[in-house]
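The structure appears below as structure tokens.
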Amino acid sequence: MPHMTLDRTDLPSLAEALAGQGRRLVLPVREGQELFYREGADPAQLDLSSIPKNSIKEFLFPKCEKILEYEYSGNDVIIEDVAPDAKPTVIFCARPCDAASLPVVEPLWNWDYKDKFFNERREQTLVVTYACRTAPDEACFCVSVGLSPSSDQGSDVMLYGVDESTVAVRLVSPKGQEQEEVFAKFKKGEASDEALEGFAKEGDESLAHRKPLDKVKGWLEEHFEDPLWEDKAFRCIGCGTCTFLCPTCHCFDIQDESVFDAGCRLKNWDGCQFSLFTLHTSGHNPRDTQPKRYRQRIYHKYAIYPEKFGKTLCTGCGRCVAYCPVNLSLYDVVATAQERAEKGE
Amino acid sequence: MSDRTDKIREVARKWLADGTVEAVVGWEQGTYREKCSPVLVRKPEDADRLLFNDRCTNNLMTYLKRDPVRGMEKVGVVAKGCDIKSLIGLLQESQVEREKVMVLAVTCEGVKKDDGTVPIKCQACDVNTPTFYDEIVGEKVASNPDPEARFKDLEKLDAMTPAERNSFWREELDKCIRCYACRQACPLCICSRCIAEKNQPQWVETSPHPRGNFSWNLVRAYHLAGRCVECEACETACPVNIPLMLLNRAMARTVKGAFDYEAGKDPEVQPPLRTFNLDDDNSFIL
Numbered sequence: 042m043p044h045m046t047l048d049r050t051d052l053p054s055l056a057e058a059l060a061g062q063g064r065r066l067v068l069p070v071r072e073g074q075e076l077f078y079r080e081g082a083d084p085a086q087l088d089l090s091s092i093p094k095n096s097i098k099e100f101l102f103p104k105c106e107k108i109l110e111y112e113y114s115g116n117d118v119i120i121e122d123v124a125p126d127a128k129p130t131v132i133f134c135a136r137p138c139d140a141a142s143l144p145v146v147e148p149l150w151n152w153d154y155k156d157k158f159f160n161e162r163r164e165q166t167l168v169v170t171y172a173c174r175t176a177p178d179e180a181c182f183c184v185s186v187g188l189s190p191s192s193d194q195g196s197d198v199m200l201y202g203v204d205e206s207t208v209a210v211r212l213v214s215p216k217g218q219e220q221e222e223v224f225a226k227f228k229k230g231e232a233s234d235e236a237l238e239g240f241a242k243e244g245d246e247s248l249a250h251r252k253p254l255d256k257v258k259g260w261l262e263e264h265f266e267d268p269l270w271e272d273k274a275f276r277c278i279g280c281g282t283c284t285f286l287c288p289t290c291h292c293f294d295i296q297d298e299s300v301f302d303a304g305c306r307l308k309n310w311d312g313c314q315f316s317l318f319t320l321h322t323s324g325h326n327p328r329d330t331q332p333k334r335y336r337q338r339i340y341h342k343y344a345i346y347p348e349k350f351g352k353t354l355c356t357g358c359g360r361c362v363a364y365c366p367v368n369l370s371l372y373d374v375v376a377t378a379q380e381r382a383e384k385g386e
Numbered sequence: 205m206s207d208r209t210d211k212i213r214e215v216a217r218k219w220l221a222d223g224t225v226e227a228v229v230g231w232e233q234g235t236y237r238e239k240c241s242p243v244l245v246r247k248p249e250d251a252d253r254l255l256f257n258d259r260c261t262n263n264l265m266t267y268l269k270r271d272p273v274r275g276m277e278k279v280g281v282v283a284k285g286c287d288i289k290s291l292i293g294l295l296q297e298s299q300v301e302r303e304k305v306m307v308l309a310v311t312c313e314g315v316k317k318d319d320g321t322v323p324i325k326c327q328a329c330d331v332n333t334p335t336f337y338d339e340i341v342g343e344k345v346a347s348n349p350d351p352e353a354r355f356k357d358l359e360k361l362d363a364m365t366p367a368e369r370n371s372f373w374r375e376e377l378d379k380c381i382r383c384y385a386c387r388q389a390c391p392l393c394i395c396s397r398c399i400a401e402k403n404q405p406q407w408v409e410t411s412p413h414p415r416g417n418f419s420w421n422l423v424r425a426y427h428l429a430g431r432c433v434e435c436e437a438c439e440t441a442c443p444v445n446i447p448l449m450l451l452n453r454a455m456a457r458t459v460k461g462a463f464d465y466e467a468g469k470d471p472e473v474q475p476p477l478r479t480f481n482l483d484d485d486n487s488f489i490l
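Chains A and B, in that order, give the protein sequences.
By my numbering, the letter at position 252 of the first sequence is numbered 293, and the numbering carries on one by one without gaps.
By my numbering, the letter at position 58 of the second sequence is numbered 262, and the numbering carries on one by one without gaps.
Encoded structure:
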């Protein structure tokens with residue numbers, strides 16, 4: 042089936058047309074030397090030169106979110122539910138590793154409890170993904186976790202920059218197909234399936250140096266105690282950069298904030314690298330050192346989550362590699378695990 | 205540069221072989237672009253992992269207050285002049301015992317940030333050739349004759365009205381995600397339990413909303429007033445690009461104006477906000 046093509050210069054107008062249906066618009070723009078997905082940014086500033094520093098996580102799972110309000114009245118507490126602050130949204134030109142994080146975390150938010158805050162946002166979000174022809178950054182390793190630079194997982198619409206002036210459109214999900222008319226207004230021509238084939242090939246080739254990580258889970262299950270953890274995690278300073286920039290990390294903290302007799306309950310991002318994360322009321326901390334906390338992060342992503350939900354909790358976006366303040370690369374750690382598994386160590 | 209690398213390896217190898225130190229904290233080649241990465245070398249044969257170049261940006265003094273380095277009898281640390289300023293701060297505040305640290309100083313022409321630009325601290329550096337160390341490697345490097353050039357950036361804040369400044373900081377601090385990379389990278393954030401982690405009572409709201417972010421970032425700036433040595437580790441680590449050094453430099457300039465004191469210069473002098481003298485200038489009260 043042929044795919045419609047658009048002029049690349051029409052992308053800002055397309056973004057506006059999609060947002061024009063009452064949606065908030067999120068797109069990548071440049072700030073200084075880096076790109077960020079920003080809500081309400083000028084579509085004319087759309088920048089596709091690389092992968093943004095933040096992930097799209099904050100638009101579905103915000104860093105701070107009110108989940109209920111309460112008030113003391115005599116001896117009672119009156120609790121009021123609050124509706125999720127979910128707005129129709131279009132994330133325009135998401136990267137495939139960001140879009141792919143959505144199906145990875147969906148089972149988590151719907152496991153023993155259906156999280157209406159995530160689900161309502163997910164429901165109302167249209168994800169229009171801009172395929173990477175080749176890996177946009179040296180930190181990328183999506184192919185190692187079963188994805189690719191042009192993966193369509195989690196996307197409603199895929200855009201392919203087939204050449205300098207042309208973008209091909211593939212409507213992936215029913216939600217994306219509903220938008221056909223909006224895209225059709227910008228239609229300039231057609232592209233065949235073959236025109237898009239180069240993406241898969243060139244994308245994989247650009248990451249040929251990245252290993253598959255299929256043996257990591259088995260290795261981890263046998264190496265909870267291993268000198269690797271102390272050795273690699275020495276340099277970890279225990280900040281939350283990796284977890285907070287990660288599209289799949291989803292841990293949160295609950296805080297009650299009140300003024301006199303009334304207040305609200307908030308759900309804030311939390312991170313497993315903080316010493317308080319597992320500190321018990323008794324004073325005992327089962328993960329009392331940084332290497333134990335670092336090991337936990339790797340286990341959660343590559344052993345525990347796959348065991349529970351059948352998916353790796355990582356899309357290989359590489360942000361934890363690129364932005365770790367001390368260059369402690371998650372890829373290097375799991376690739377070392379894979380190598381040792383291959384050697385039978 | 206490679207000359208300095210060779211000499212660092214040579215000294216580290218000697219210290220490890222003759223038992224002068226248990227381990228050496230230094231930089232090794234990283235794996236992302238040209239980045240370097242902190243490394244703990246325990247055996248003489250691993251000294252060849254160490255190196256020095258203009259991407260050795262991390263201030264390794266932050267490891268002196270962490271396990272496993274904190275528990276060591278004696279440790280070697282490779283340091284640029286700016287890093288040594290933070291060691292001086294740690295010594296002044298009795299956080300580190302001088303006899304437990306061997307300082308392997310390295311002269312430095314300045315480092316480069318990830319985006320290739322030269323940090324302000326390097327443009328206005330007054331410690332290219334360190335003066336406080338146990339051993340030093342590298343040829344003497346001349347310093348900037350005008351270290352106060354580092355305050356030039358503050359002029360844009362000075363030119364604002366209070367309302368403009370408030371909205372400038374509101375916008376910048378709204379970006380904060382409370383990852384605490386600033387605190388964790390900072391060699392002088394020494395509290396074993398930070399005030400942001402104390403919840404009985406909750407002094408600082410941990411929520412990354414505007415009020416919580418103001419509380420956190422201003423508490424940290426105040427706690428560093430007269431102590432911050434302007435190593436830029438916080439701003440470099442910040443994943444949302446908050447210009448934290450504008451805050452820290454504004455505090456440093458105020459302290460300099462009020463007390464004629466600069467942090468990280470002399471281990472024998474106490475920071476002004478830690479001491480009280482009867483002849484302190486009280487004119488600001490009256």
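Backbone N, C-alpha and C fix where the C-beta goes; we use that ideal spot for every residue, glycine too.
Bear in mind that the values here come from a model prediction, so they are computed numbers and not experimental data.
Considering only beta carbons, no part of the stretch 288-313 of chain B lies closer than 9 Å to chain A. Straight-line spacing of the CA atoms in B:Gly314 and A:Val367 works out to 18 Å. Using a CB distance cut-off of 8 Å, A:Phe285 counts as an interface residue toward chain B. By DSSP's assignment, A:Pro69 forms a beta bridge with A:Tyr78. Rounded to whole angstroms, the Cβ separation of A:Thr50 and A:Val186 is 34 Å, and the two are not in contact under 8 Å. The alpha-carbon separation between B:Ala346 and A:Cys181 amounts to approximately 40 Å. With the criterion set as a beta carbon lying under 7 Å from some beta carbon of chain A, the members of the stretch 408-420 of chain B are Glu409, Thr410, Ser411, Pro412 and His413, in sequence order. Taking the beta carbon of A:Lys104 as reference, the chain B residues within 7 Å of it are Ile381 and Pro412, listed in sequence order. Going by beta carbons, A:Tyr78 and A:Ile97 fall inside the 8 Å limit. Only exposed fits A:His325, as fewer than 16 other CB atoms lie within 10 angstroms of its CB. Under the three-state reduction of DSSP, A:Cys280 is assigned to coil, being neither helix nor strand.
The beta-carbon of A:Val362 is placed less than 8 Å from the nearest beta-carbon of chain B.
The three-state secondary structure of B:Ser419, taken from DSSP, is helix. Contact annotation: in the stretch 353-381 of chain A, residues whose CB is within less than 9 Å of a CB in chain B are Gly359, Arg360, Val362, Ala363, Tyr364, Cys365, Pro366, Val367, Asn368, Leu369, Ser370, Tyr372 and Asp373. A:Glu231: not part of any alpha helix (DSSP H); member of the beta strand (DSSP E) spanning Gly230 to Ala232, first to last residue. A straight line joining the alpha-carbon of A:Glu386 with that of A:Arg336 spans about 18 Å. Taking a beta-carbon distance threshold of 8 Å, A:Trp310 counts as an interface residue toward chain B. Of the candidates B:Cys326, B:Arg274, B:Ala441 and B:Thr479, B:Ala441 places its Cα closest to the Cα of B:Cys383. Contact annotation: in the stretch 286-305 of chain A, residues whose CB is within less than 8 Å of a CB in chain B are Leu286, Asp294, Gln296 and Glu298. According to the DSSP secondary-structure assignment, B:Gly230 is paired through a beta bridge with B:Val243. Contacts with chain B at 8 Å (Cβ-Cβ) do not include A:Leu76. Our two residues, B:Ala454 and B:Leu448, have alpha carbons roughly 10 Å apart in a direct line. By the Cβ-count criterion, A:Val145 is buried, with 16 or more other Cβ atoms from all chains shown falling within 10 Å of its own Cβ. Here the alpha carbon of A:Cys283 sits roughly 27 Å from the alpha carbon of B:Arg246.
Under the Cβ criterion (8 Å, minimum of three pairs), the stretch 342-354 of chain A does not count as touching the stretch 206-225 of chain A.
DSSP, reduced to helix, strand and coil, places A:Lys216 within a helical segment of the structure shown.
Of the residues A:Leu248, A:Thr46, A:Phe100 and A:Gln74, the one whose Cα lies closest to the Cα of B:Pro443 is A:Gln74. About 7 Å separates the beta carbons of B:Asp338 and B:Leu308, which is inside the 8 Å limit, making them a contact pair. Between the alpha carbons of B:Tyr267 and B:Leu244 lies a distance of about 10 Å.
The shortest C-alpha to C-alpha distance from B:Arg415 to any of B:Leu377, B:Cys386 and B:Cys432 is the one to B:Leu377. Residue-level contact check: B:Thr209 does not touch chain A, since none of the beta carbons of chain A fall below 8 Å from its beta carbon. By the C-beta criterion, the stretch 302-313 of chain A is judged to be in contact with the stretch 100-118 of chain A, since at least 3 inter-stretch pairs fall below 8 Å. When A:Val374, A:Glu348 and A:Arg64 are compared, the shortest CA-CA separation from A:Gly359 is found for A:Val374.
Three or more Cβ pairs closer than 8 Å define a contact, and the stretch 396-403 of chain B falls short of that threshold against the stretch 280-294 of chain A. At the C-beta level, A:Leu87 and A:Pro53 come within 8 Å of one another.
Per DSSP, A:Trp150 is one residue of the alpha helix (DSSP H) stretching across Ser142 to Trp150.
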